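I have placed the structure first, in the form of structure tokens, so that the comments after it can refer back to it.
In full-length UniProt numbering, the protein residues as written are 1 to 255.
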């Protein structure tokens with residue numbers, strides 16, 4: 001044997017996949033470890049890593065596992081064929097990243113505009129400005145996996161402009177209603193606030209479809225950037241943060 005070898009744990013950490021997912025890829029013949037140690041532990045070779053890279057990249061471009069298997073099967077099993085397939089894949093990845101970079105630049109521009117409005121004009125941004133920015137922030141391109149970004153983009157496109165606008169207005173109204181309950185000290189078990197929480201989650205589900213991975217990332221982004229995010233909105237940051245905490249308490253009381 002020549003060349004470096006990697007354990008399944010090392011590959012899992014580097015790829016962002018779970019060990020279970022790597023085992024699944026191996027079981028279905030998509031990408032696996034081609035070697036074993038004397039004690040039976042999996043070891044990935046350089047060729048295995050290149051194949052896994054292609055699988056992850058193709059998933060990021062929106063292909064299903066079945067389609068990925070077909071793409072890999074169509075690649076000639078020779079150095080020249082593998083090199084040609086990798087060249088095409090990297091070009092497609094670069095195009096996708098260029099699109100993501102444009103979206104990030106758009107988000108930066110919108111936040112810069114909000115900050116300018118607050119600092120230079122000493123006035124609060126209008127609802128259309130902060131809701132559009134909030135929509136972009138929920139995507140948080142650098143926080144979600146390519147698969148999750150694709151899911152969010154597909155669902156937003158599928159909703160259409162009118163439905164998206166309706167959801168924005170619904171969200172703004174829910175924040176105002178929750179603010180009143182927070183200030184009034186309404187118990188989180190009150191049927192009225194539970195109904196508000198149901199509507200709140202329904203708005204979110206329109207965009208992420210209840211995907212657990214997406215919601216977990218969104219929660220992490222909020223936890224790590226609550227002050228920064230809240231400052232871009234038209235409510236006092238501490239009040240909006242209270243609302244989010246209150247909604248979480250209501251949700252916990254239901255489950």
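We treat Cβ as the ideally placed atom computed from N, Cα and C, and that holds for glycine. Predicted model only: the values in this text are computed from it and were never measured.
Can you list, in chain order, the residues of its chain whose CB lies under 7 Å from that of residue 62, leaving out five sequence neighbours each side? 150
Excluding the 5 residues flanking residue 139 on each side, which residues of the same chain have their C-beta closer than 6 Å to its C-beta? The predicted position of residue 139 is uncertain, since its pLDDT is 45 and thus under 50; a value taken from the coordinates is nonetheless stated next. Closer than 6 Å at Cβ, skipping near neighbours: 152.
Based on DSSP bridge pairs, tell me the residues matched to residue 95. According to DSSP, residue 95 bridges with nothing at all.
By a C-beta neighbour count over all protein chains shown, 10 Å radius and 16 as the cutoff for buried, is residue 48 buried or exposed? buried
Taking the Cβ atom as the reference point for each residue, do residue 251 and residue 197 lie within a distance shorter than 8 Å? yes
Would you list the residues sitting across from residue 53 in a DSSP beta bridge? Partner(s): none; residue 53 has no beta bridge.
Rounded straight-line distance, which links the Cα of residue 170 to that of residue 233: 15 Å
Indicate whether the contact test is met: 3 or more Cβ pairs, each with one atom in the region 202–210 and one in the region 157–167, closer than 8 Å. yes
Let me confirm a value: residue 31 is counted as buried when at least 16 other C-beta atoms fall within 10 Å, else exposed. Which label applies? buried
What does the alpha-carbon distance come out to for the pair residue 6 and residue 53? 14 Å
Identify whether residue 7 lies in helix, strand or coil by the three-state DSSP scheme. strand
Classification of residue 22 by the beta-carbon crowding that lies within 10 angstroms, buried from 16 upward: buried
By Cβ distance below 7 Å, which residues in the same chain neighbour residue 56 in space, the five residues on each side in sequence not counted? 15
Apply the 10 Å Cβ neighbour rule to residue 112 and answer buried if 16 or more other Cβ atoms are within range, or exposed otherwise. exposed
Are the beta-carbon atoms belonging to residue 178 and residue 118 less than 8 Å from one another? no
Answer yes or no: the CB of residue 175 versus the heavy atoms of the ligand ATP, is any distance below 7 Å? Only the bare structure without any ligand can be found here, which leaves the ligand ATP out of the picture.
Do you know offhand how far residue 38's Cα is from residue 51's? 24 Å
Opposing strand residues paired with residue 242 [DSSP bridges]: According to DSSP, which records beta bridges pairwise, residue 242 is partnered with nothing at all.
Please report the straight-line C-alpha distance between residue 240 and residue 98, rounded to a whole angstrom. 33 Å
Would you list the one or two residues that DSSP bridges to residue 44? 6
Alpha helix (DSSP H) segment containing residue 201, residue limits: 191–208
Reduced DSSP category for residue 141 - H, G, I as helix; E, B as strand; rest coil: Confidence is the limiting factor: at residue 141 the pLDDT is only 49, short of 50, which leaves the residue's position unreliable, though a coordinate-based value still follows. Coil at residue 141, not helix or strand.
Pull up the distance between the alpha-carbon of residue 3 and that of residue 108, whole angstroms please. 43 Å
Between the C-alpha atoms of residue 242 and residue 213, what's the straight-line distance to the nearest angstrom? 24 Å
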